[in-house]
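Here this note's numbering is used: position 206 in the sequence shown is 215, and no number is missing along the way. This report concerns only the one structure given below.
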Amino acid sequence: MNYNVDKKGYYGDFGGAFIPEMLYSNIDKLKESYLKITNESDFKKEFNDLLKSYVGRPTPLYFAKRLSRKYNAKIYLKREDLCHTGAHKINNTIGQILLAKRLGKNRIIAETGAGQHGVATATVCALMDTECVVYMGELDVKRQAPNVARMKMLGAEVRPVVSGSKTLKDATNEAIRDWINNPINTHYIIGSVVGPHPYPDMVARFQSVISEEIKIQLQELEGRDYPDHLIACVGGGSNAAGLYYHYLDDDRVNIIAVEAAGKGIDSGKSAATSALGKEGIIHGSKTLLMQTEDGQITEPYSISAGLDYPGIGPMHANLFRTKRAEFISIPDQEAMNWGLNLSKMEGIIPAIETAHAFAVLDIKKFNLNDVVVFNCSGRGDKDLDTFINYFQL
10 MNYNVDKKGY
20 YGDFGGAFIP
30 EMLYSNIDKL
40 KESYLKITNE
50 SDFKKEFNDL
60 LKSYVGRPTP
70 LYFAKRLSRK
80 YNAKIYLKRE
90 DLCHTGAHKI
100 NNTIGQILLA
110 KRLGKNRIIA
120 ETGAGQHGVA
130 TATVCALMDT
140 ECVVYMGELD
150 VKRQAPNVAR
160 MKMLGAEVRP
170 VVSGSKTLKD
180 ATNEAIRDWI
190 NNPINTHYII
200 GSVVGPHPYP
210 DMVARFQSVI
220 SEEIKIQLQE
230 LEGRDYPDHL
240 IACVGGGSNA
250 AGLYYHYLDD
260 DRVNIIAVEA
270 AGKGIDSGKS
280 AATSALGKEG
290 IIHGSKTLLM
300 QTEDGQITEP
310 YSISAGLDYP
320 GIGPMHANLF
330 RTKRAEFISI
340 PDQEAMNWGL
350 NLSKMEGIIP
360 AIETAHAFAV
370 LDIKKFNLND
380 VVVFNCSGRG
390 DKDLDTFINY
400 FQL
């Protein structure tokens with residue numbers, strides 16, 4: 010079975026492009042040109058040069074000695090938290106700003122939840138001297154204040170969104186409205202593997218540098234280029250898509266996706282889409298979506314601003330439907346505890362989103378000497394206030 014996108018923009022039953030007529034031109038242009046442009050030698054050279062000299066790639070694959078001893082496995086951390094701006098998001102924004110330049114777009118818009126994608130977008134717009142507008146839910150503006158300040162320092166305009174739950178879903182809604190009103194000069198840099206085709210595939214390709222590097226690094230460290238287990242948190246799912254990409258068709262590799270259970274799957278305050286979702290359309294693609302019986306979107310909840318999205322990307326919906334990936338839901342308390350655990354055991358303060366993935370260690374039992382790779386997708390600077398208030402530090 011092929012777990013990548015097909016020619017019509019679908020991953021199995023999920024994907025497609027369900028968009029307003031005003032966006033047909035932009036989406037059609039992207040579909041026609043993104044593979045051609047990104048495969049051109051000058052694009053590849055500029056992209057790879059920036060990843061190396063600006064982003065700081067390749068990121069290390071770090072052997073976590075204390076975690077490995079405690080959990081009787083060879084545990085490695087792919088250190089995306091060491092990327093410029095503090096998360097994997099910059100891999101995609103570098104790629105998309107270069108694509109936007111070649112498409113003649115001189116204005117960039119983006120949505121953000123935790124703020125990492127907003128910062129990464131503002132960063133590349135500053136680098137390329139391009140106008141930048143970032144939409145962010147009002148609730149997220151308050152709980153991610155350091156990232157809001159960073160975006161403004163980088164020259165971006167941050168527009169708080171006061172509709173709906175005032176979080177990521179609503180920021181995405183407003184960004185799409187902006188794009189509809191400004192289709193000629195504006196490119197929308199979507200931050201995750203969501204949205205209409207070709208965005209899920211395009212973002213996954215830009216993030217695939219993560220698993221591309223892991224293959225080389227594991228060969229050097231373990232004498233083989235694949236792990237036994239890959240583990241990442243999933244909201245929309247861009248960091249996970251990058252981690253899984255080069256292993257999707259390798260059945261030697263067990264894939265684990267970790268969602269936010271919030272206050273509990275059945276509490277009414279959760280973002281566990283695989284457990285609670287059913288087929289629906291959100292932000293231009295058919296996927297698994299948390300919704301009511303009459304099709305209204307259910308408001309998601311997570312203590313982590315980057316995981317409270319009511320759906321998952323179509324790639325991940327297909328991985329769940331086909332059972333290629335095992336989905337696990339982690340509640341707030343366990344994720345927050347692992348924020349402290351990783352800090353104290355390995356000297357790495359993770360983003361709360363990232364901490365969800367490590368909570369799998371309390372659930373899964375690995376065989377002795379299994380090679381386990383976690384995507385350490387972001388650092389926890391942005392979440393210090395949440396940690397301080399939660400633990401009364």
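The C-beta atom is built at its ideal place from N, Cα and C for all residues, glycine as well.
Residues in the same chain with beta-carbon distance under 8 Å from residue i, minus the five sequence neighbours each way, listed in chain order, please.
i    : result
V262 : Y235, P236, D237, H238, L239 and Y256
D149 : T121, G122, A123, G124, K175, T176, L177, A180 and A314
N194 : K114, N115 and R116
E183 : E120, Y144, R168, V170 and S172
Give me whichever residues DSSP pairs with residue i in a beta bridge.
i    : result
L328 : DSSP output for L328 lists no bridge partner at all.
A96  : G387
M162 : According to DSSP, M162 bridges with nothing at all.
E120 : Y144
G289 : T296
T195 : R116
Pick out whichever of the options has its Cα sitting closest to the Cα of residue i.
i    : options                   : result
N11  : K287, N327 and D138       : N327
A269 : T296, I291 and P309       : P309
T176 : V143, L163 and Y197       : V143
E302 : L285, Y318, D317 and S311 : L285
A96  : K272, N156, D394 and N346 : N156
P207 : A360, S42, D260 and T130  : S42
L163 : E140, E183 and N182       : E140
V267 : K373, G304, D37 and L39   : K373
G25  : E49, P323 and E231        : P323
If I measure Cβ to Cβ from residue i and keep anything under 7 Å in the same chain, skipping five residues before and after, which residues do I get?
i    : result
I189 : P29, M31 and L32
I46  : F52, L108 and R111
G65  : L91, C92 and H93
Q153 : A123, G124, A314 and K391
K278 : G271, K272 and Y310
R75  : M354 and E355
Going along the chain, which residues of its own chain have a beta-carbon closer than 6 Å to the beta-carbon of residue i, five neighbours each way excluded?
i    : result
I291 : L298 and G320
A241 : N248, A249, L252, A366 and N384
I106 : V133 and M137
K345 : According to the sequence displayed, residue 345 carries Met and not Lys. If we look at M345 and ignore the five residues flanking it on each side, its Cβ neighbours are Y399.
Kindly give me the distance between the Cβ atoms of residue i and residue j, rounded to whole angstroms, as I take these residues to be in contact under 8 Å.
i    : j    : result
S201 : V218 : 16 Å between Cβ atoms; not a contact.
F396 : G389 : 7 Å
E362 : L316 : 5 Å
A368 : E343 : 4 Å
I453 : L59  : Here the chain comprises residues numbered 10 to 402, so residue 453 is not present and cannot be evaluated.
Beta strand (DSSP E) containing residue i: first to last residue?
i    : result
G25  : Per DSSP, G25 belongs to no beta strand (DSSP E) and is neither H nor E.
V369 : From DSSP, V369 is part of no beta strand (DSSP E); its letter is neither H nor E.
L298 : S294 to L298
Q67  : One point to set straight first is that residue 67 is Pro, not Gln, in the sequence displayed. Counting along the chain, P67 falls outside any beta strand (DSSP E), and DSSP gives it neither H nor E.
L239 : H238 to C242
V171 : Run containing V171: none; DSSP gives neither H nor E here.
Between which two residues does the alpha helix (DSSP H) containing residue i stretch?
i    : result
G127 : Q125 to L136
P309 : Counting along the chain, P309 falls outside any alpha helix (DSSP H), and DSSP gives it neither H nor E.
R186 : L177 to N190
T47  : Y33 to T47
I want to see whether chain B comes within less than 9 Å of residue i, judged by CB atoms only; does it?
i    : result
K151 : This model lacks chain B altogether; it includes just one protein chain.
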